[in-house]
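**Q**
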Amino acid sequence: MKVTYNWLKEYGDSRLSPTELAEALTGVGLVVAEVRSLRGDHILEIEVTSNRPDCLGVIGIAREVAALTRSALRLPAVDYRPGKTPIDVAVRVEDADLCPRYTARVIRGVKVGPSPSWLKERLEAIGLRPINNVVDITNYVLLECSQPLHAFDLDRLEGKRIEVRRALKGERLETIDGTKHNLNPEVLVIADGQRPVAIAGVMGGRDTEVGEDTRNILLESAKFKPSTVRRAARRLAMATDSSYRFERGVDIEGVDWASKRACKLIQEIAGGEVSNGVVDLYPNKFQEVTISLRMSRLNAVLGTRIERKTTEDILSRLGLRVRSRDREELEVTVPSFRGDISREIDLIEEVARVYGYDNIPIDTDLSIQVPHREKSELLEEKVRELLVGWGFYETITYSIVEEALASGSGLFSTSEPLTIRNPIRAGEDHLRQTLLGNLLRTKKYNQDHGVPRVKVFELSRVYLPSDAHKLPEERTCLGLLWEKEGASAEEGFYTLKGIIEGILFALGIKERPRWERCPLGFFTSERSSRAVLDGEVLGVLGEVGAEVARRYDLHYTPCMAEIDFDLVVKKADLTAIFKRPPLFPPIVRDMAIVVDEQLSWEEIRRCVEDSGVEFLEAVEFFDLYLGKQIPPGKKGVAFRLHFRAHDRTLRKEEADQSQQLILDRLTSILGATLRQQ
Numbered sequence: 045m046k047v048t049y050n051w052l053k054e055y056g057d058s059r060l061s062p063t064e065l066a067e068a069l070t071g072v073g074l075v076v077a078e079v080r081s082l083r084g085d086h087i088l089e090i091e092v093t094s095n096r097p098d099c100l101g102v103i104g105i106a107r108e109v110a111a112l113t114r115s116a117l118r119l120p121a122v123d124y125r126p127g128k129t130p131i132d133v134a135v136r137v138e139d140a141d142l143c144p145r146y147t148a149r150v151i152r153g154v155k156v157g158p159s160p161s162w163l164k165e166r167l168e169a170i171g172l173r174p175i176n177n178v179v180d181i182t183n184y185v186l187l188e189c190s191q192p193l194h195a196f197d198l199d200r201l202e203g204k205r206i207e208v209r210r211a212l213k214g215e216r217l218e219t220i221d222g223t224k225h226n227l228n229p230e231v232l233v234i235a236d237g238q239r240p241v242a243i244a245g246v247m248g249g250r251d252t253e254v255g256e257d258t259r260n261i262l263l264e265s266a267k268f269k270p271s272t273v274r275r276a277a278r279r280l281a282m283a284t285d286s287s288y289r290f291e292r293g294v295d296i297e298g299v300d301w302a303s304k305r306a307c308k309l310i311q312e313i314a315g316g317e318v319s320n321g322v323v324d325l326y327p328n329k330f331q332e333v334t335i336s337l338r339m340s341r342l343n344a345v346l347g348t349r350i351e352r353k354t355t356e357d358i359l360s361r362l363g364l365r366v367r368s369r370d371r372e373e374l375e376v377t378v379p380s381f382r383g384d385i386s387r388e389i390d391l392i393e394e395v396a397r398v399y400g401y402d403n404i405p406i407d408t409d410l411s412i413q414v415p416h417r418e419k420s421e422l423l424e425e426k427v428r429e430l431l432v433g434w435g436f437y438e439t440i441t442y443s444i445v446e447e448a449l450a451s452g453s454g455l456f457s458t459s460e461p462l463t464i465r466n467p468i469r470a471g472e473d474h475l476r477q478t479l480l481g482n483l484l485r486t487k488k489y490n491q492d493h494g495v496p497r498v499k500v501f502e503l504s505r506v507y508l509p510s511d512a513h514k515l516p517e518e519r520t521c522l523g524l525l526w527e528k529e530g531a532s533a534e535e536g537f538y539t540l541k542g543i544i545e546g547i548l549f550a551l552g553i554k555e556r557p558r559w560e561r562c563p564l565g566f567f568t569s570e571r572s573s574r575a576v577l578d579g580e581v582l583g584v585l586g587e588v589g590a591e592v593a594r595r596y597d598l599h600y601t602p603c604m605a606e607i608d609f610d611l612v613v614k615k616a617d618l619t620a621i622f623k624r625p626p627l628f629p630p631i632v633r634d635m636a637i638v639v640d641e642q643l644s645w646e647e648i649r650r651c652v653e654d655s656g657v658e659f660l661e662a663v664e665f666f667d668l669y670l671g672k673q674i675p676p677g678k679k680g681v682a683f684r685l686h687f688r689a690h691d692r693t694l695r696k697e698e699a700d701q702s703q704q705l706i707l708d709r710l711t712s713i714l715g716a717t718l719r720q721q
């Protein structure tokens, strides 16, 4: 928000210099990022937070200055001279929820031409290009009070009629910037008797804009639903000064005031007769909010001893009406332009910032308690650190996605995804059930921008259908995408499998997952698996299938996994336990066996571990062989056995006996034979 120092001084008697004014405003939360001089004036660049749309106008800033300097706020006059001709324009609002208030005034006989020098200079100082006196006045009032206005050429409005309605499918509109837009019912428009003439809250149409030949105008001042304006502006890729303010909310009680203010300036600068009366469609009047403020609560929160009279004075200077209920409690009535104040704590914040944060003592009786970190938070942090250390990049994607990304063959994709009724962006109206689609879209984006292979992960929530009268069931998932230049699909599959097992080991999960074949449409049939942990499904893993790769236009097919992180949290144990290093050396033996090709390593490992051998410490897979020496339907599996005694040095004969017991069990249970070299 840019404002000039001289313009600001017109509304009050502040004697602060530009630098002092910048410091004062910064102290109350309106950070002045820059002050620069310009032709005998100064430009203040103010950062206005989204909850203070009233400060997107000079009057709003002036009200803050008046409160800080204990000076009076001077509002400009709005008493224009009404004519005798009655207003003869019909206005209809289709949905009062989308347009809570709409006013229209007619001014006849205006002389459109260049604006006076003072108006041009003021607009140019804050970066606006002067157009003509009528349009410049609407822009001036917008900057003055943060209420957008629009002037239509009345003679170009068919039927002298205004309708505020949703656009019809197939309607088109060329806006004053020369852009032609295809409209749909998601866009709120201002229409005349035949066609749209403006996009509500965003920009007017070229056919009805005020030009040199305009003689009669219809002046619009309204309040539109913020989300509706935001959706239209995003969909049409249009960001204007009007949409910026409407998206944040304008003062509904200030709508008519701004219209009067513009009429007065138009009469003074462009002449013309303002018709007698006004069209003001305002079905649901503004209801003021009254909030109780307890002095004990205020001082307890701030750690101060602020007196009641001081509190009353501060709130009154901010434009709030204060009435004492008793010595302990105040009743504060909030005006319409302060929509950000709705609770007692909001009033406490107002008192604190005007009282001065520097005046609040540092040494107080307030106790500071460090919140307890939940187990899930600690685990999420640890997993992020692990994955980043292993070369992954974290990605954060949208939860509301298009239908193609919402489901698929993820861990929980067993039903239709949930649909939302009022999506912000067209086509993105589903709550995701899986992270896999978003990760593939991330890969596609990187691929199209010169990064052909990526390692990314996302640790976030998915949303599943639940009972009809409940909110969606939220589940936390870990999505992984791994690929490496030169790596085969098999290498990618087993690398990602190892990463998952490494995560489980790092989180203290002693139970090893059981990997099962699980053909899924999302993955190739050769490389797709499901992990089961202690009888519960932990996740899915696989190489992205060719059909999915074509759908996303991928040059390379990565391996992906999706893990039920809620189950990980349930099973994890971060308890640090001291384990004494072994005092005696191990004996390591390699064993190569031939087994049926369909047997998994998991089955072989379990068979070895369940053999009951006393000195077996660990078993590690290290080779798989399929070749001429192996009979059809068979495969060679090689693994390493670690034997150790914890109270003495193990003897060779004891290791030989243990190895033979393991081989006998593999032979009897799995039909394995020792592979001959």
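In my numbering, the protein residues as written are 45 to 721. Yeah, the Cβ is synthetic: ideal placement off N, Cα and C, and Gly gets one too.
#1: In the segment 132-181, which residue ranges form an unbroken alpha helix (DSSP H) of at least 4 residues, counting only runs that do not cross its ends?
#2: Tell me, which residues are paired with residue 224 by DSSP?
#3: Leaving out five residues on either side along the sequence, give the residues of the same chain with a beta carbon under 7 Å from the beta carbon of residue 666.
#4: Going straight from the alpha carbon of residue 443 to that of residue 504, what length do you get?
#5: Exposed or buried, which one is residue 191 when buried takes at least 16 other CB atoms within 10 Å?
#6: Which class does residue 272 belong to by DSSP, given the choice of helix, strand or coil?
#7: Rounded to the nearest angstrom, how far is the Cβ of residue 395 from that of residue 385, given a contact under 8 Å?
#8: Report all residues from its chain with a CB closer than 7 Å to the CB of residue 194; omit the five preceding and five following residues, and keep chain order.
#9: Is the distance from the Cβ of residue 484 to the Cβ of residue 339 below 9 Å?
#10: So residue 330 and residue 297 are in contact, right, with Cβ under 8 Å, and what is the actual spacing, rounded?
#11: Residue 487: buried (16+ other C-beta within 10 angstroms of its C-beta) or exposed?
#12: Which value, in whole angstroms, describes the spacing of the CA atoms of residue 307 and residue 320?
#13: Tell me, which residues are paired with residue 323 by DSSP?
#14: According to the Cβ coordinates, are residue 318 and residue 124 closer than 9 Å?
#15: I need the boundaries of the beta strand (DSSP E) containing residue 393, first residue and last residue.
#16: Determine the closest residue to residue 708 out of 110, 661, 637, with distance taken between C-alpha atoms.
#17: Taking the alpha carbon of residue 76 as the point to measure from, which residue in 328, 143, 109 has its own alpha carbon closest?
#18: State whether the segment 355-366 contacts the segment 164-182, with contact taken as three or more CB pairs (one from each stretch) at a distance under 8 Å.
#19: Less than 9 Å separating the beta-carbons of residue 157 and residue 177?
#20: Are the beta-carbon atoms of residue 445 and residue 476 separated by less than 9 Å?
#21: Quick one: residues in its chain with C-beta nearer than 6 Å to the C-beta of residue 679, no 5 flanking neighbours on either side, listed in chain order?
#22: Specify whether the segment 278-289 and the segment 115-130 touch according to this definition: at least 3 beta carbon pairs, one from each stretch, less than 8 Å apart.
#23: Assuming residue 302 contacts residue 273 under a Cβ cut-off of 8 Å, what Cβ separation, rounded to an integer in Å, is found between them?
#24: Quick check: the Cα distance between residue 713 and residue 650, rounded to an integer number of angstroms?
#25: If you measure between the beta carbons of residue 66 and residue 112, is that distance less than 9 Å?
#26: So the alpha helix (DSSP H) residue 307 belongs to, where does it begin and stop?
#27: Checking the sheet assignment: what are the DSSP bridge partners for residue 711?
#28: On a Cα-Cα basis, can you pick out the residue from 73, 344, 574 that is closest to residue 94?
#29: Strictly by DSSP, which residues pair up with residue 717?
#30: Does residue 530 pass the burial test, meaning 16 or more other C-beta atoms within 10 Å, or should it be called exposed?
#31: With C-beta atoms as the reference, is residue 423 less than 9 Å away from residue 232?
#32: Is residue 351 helix, strand or coil by DSSP?
#33: Cβ of residue 253 within 9 Å of Cβ of residue 207?
#34: Comparing alpha-carbon positions, which option in 201, 87, 215 lies nearest residue 165?
#35: Taking a contact to mean a Cβ-Cβ separation below 9 Å, would you say residue 544 touches residue 607 in this structure?
#36: Pick from 162, 127, 129: whose alpha carbon is nearest that of residue 50?
**A** With the structure as the only source:
#1: 161-169
#2: The residue given as residue 224 occupies position 180 in the sequence shown. For residue 224, which the question treats as bridged, DSSP gives the partners 218.
#3: Taking the first residue of the sequence shown as 1, we reach residue 666 at position 622. Only 682, 683, 684 meet the Cβ criterion.
#4: Locating residue 443 in the sequence shown gives position 399, where the first residue counts as 1. Locating residue 504 in the sequence shown gives position 460, where the first residue counts as 1. Their Cα atoms are separated by approximately 9 Å.
#5: As a working note, residue 191 is residue 147 in the sequence shown. Result: buried.
#6: Mapped onto the sequence shown, residue 272 falls at position 228. Helix.
#7: As a working note, residue 395 is residue 351 in the sequence shown. As a working note, residue 385 is residue 341 in the sequence shown. Not a contact, Cβ separation roughly 11 Å.
#8: What you label residue 194 is simply residue 150 of the sequence shown in a count that begins at 1. These residues qualify, in order along the chain: 182, 242, 248, 264.
#9: Numbered from 1 along the sequence shown, position 440 holds the residue referred to as residue 484. Numbered from 1 along the sequence shown, position 295 holds the residue referred to as residue 339. No, these two residues do not count as a Cβ contact at 9 Å.
#10: Taking the sequence shown and counting its residues from 1, the one referred to as residue 330 is at position 286. Taking the sequence shown and counting its residues from 1, the one referred to as residue 297 is at position 253. Between residue 297 and residue 330 the Cβ distance is about 5 Å, and since that is below 8 Å, they are a contact.
#11: Within the sequence shown, residue 487 is the residue found at index 443, counting from 1. Classification of residue 487: buried, given that the 10 Å Cβ count is 16 or more.
#12: Taking the sequence shown and counting its residues from 1, the one referred to as residue 307 is at position 263. Taking the sequence shown and counting its residues from 1, the one referred to as residue 320 is at position 276. Residue 307 and residue 320: Cα-Cα distance of roughly 12 Å.
#13: Taking the sequence shown and counting its residues from 1, one reaches residue 323 at position 279. Note: residue 323 sits in a beta bridge opposite 148.
#14: Looking up residue 318 in the sequence shown gives position 274. Looking up residue 124 in the sequence shown gives position 80. Yes, these two residues count as a Cβ contact at 9 Å.
#15: Counted from its first residue, the sequence shown places residue 393 at position 349. It is not in any beta strand (DSSP E) - residue 393 instead sits in the alpha helix (DSSP H) that spans 388-399.
#16: Looking up residue 708 in the sequence shown gives position 664. Nearest option by C-alpha distance: 637.
#17: The residue labelled residue 76 in the question sits at position 32 within the sequence shown. Closest by alpha carbon: 109.
#18: no
#19: Residue 157 sits at position 113 when you count from the first residue of the sequence shown. Residue 177 sits at position 133 when you count from the first residue of the sequence shown. In this structure, residue 177 lies closer than 9 Å to residue 157 by Cβ.
#20: Position 401 of the sequence shown holds residue 445. Position 432 of the sequence shown holds residue 476. The answer is yes: Cβ separation under 9 Å.
#21: For the purposes of this step, residue 679 is taken as residue 635 along the sequence shown, with counting starting at 1. Result list for residue 679: 641, 670, in chain order.
#22: no
#23: The residue labelled residue 302 in the question sits at position 258 within the sequence shown. The residue labelled residue 273 in the question sits at position 229 within the sequence shown. Contact doesn't hold; Cβ gap of about 17 Å is too wide.
#24: The residue labelled residue 713 in the question sits at position 669 within the sequence shown. The residue labelled residue 650 in the question sits at position 606 within the sequence shown. Using only the alpha carbons, I get a separation of about 11 Å.
#25: Position 22 of the sequence shown holds residue 66. Position 68 of the sequence shown holds residue 112. Contact flag unset, no.
#26: Position 263 of the sequence shown, counted from the first residue, corresponds to residue 307. Segment 299-314, the alpha helix (DSSP H) holding residue 307.
#27: Locating residue 711 in the sequence shown gives position 667, where the first residue counts as 1. According to DSSP, residue 711 bridges with nothing at all.
#28: Against the sequence shown, residue 94 aligns to sequence position 50. The option with the nearest alpha carbon to residue 94 is 73.
#29: Counting from one through the sequence shown, the residue named residue 717 turns up at place 673. DSSP output for residue 717 lists 638 as bridge partner(s).
#30: Against the sequence shown, residue 530 aligns to sequence position 486. Exposed, since its Cβ has fewer than 16 Cβ neighbours within 10 Å.
#31: Within the sequence shown, numbered from 1, the residue matching residue 423 stands at position 379. Within the sequence shown, numbered from 1, the residue matching residue 232 stands at position 188. In this structure, residue 232 does not lie closer than 9 Å to residue 423 by Cβ.
#32: Taking the first residue of the sequence shown as 1, we reach residue 351 at position 307. Three-state result, residue 351: coil.
#33: Along the sequence shown, one-based indexing puts residue 253 at 209. Along the sequence shown, one-based indexing puts residue 207 at 163. No. Outside cutoff.
#34: Reading the sequence shown from its first residue, position 121 is the one you call residue 165. It is 87.
#35: Stepping through the sequence shown from its first residue, residue 544 is reached at position 500. Stepping through the sequence shown from its first residue, residue 607 is reached at position 563. In contact: residue 544 and residue 607 (Cβ atoms closer than 9 Å).
#36: Taking the first residue of the sequence shown as 1, we reach residue 50 at position 6. For the residues 162, 127, 129, the minimum Cα distance to residue 50 belongs to 162.
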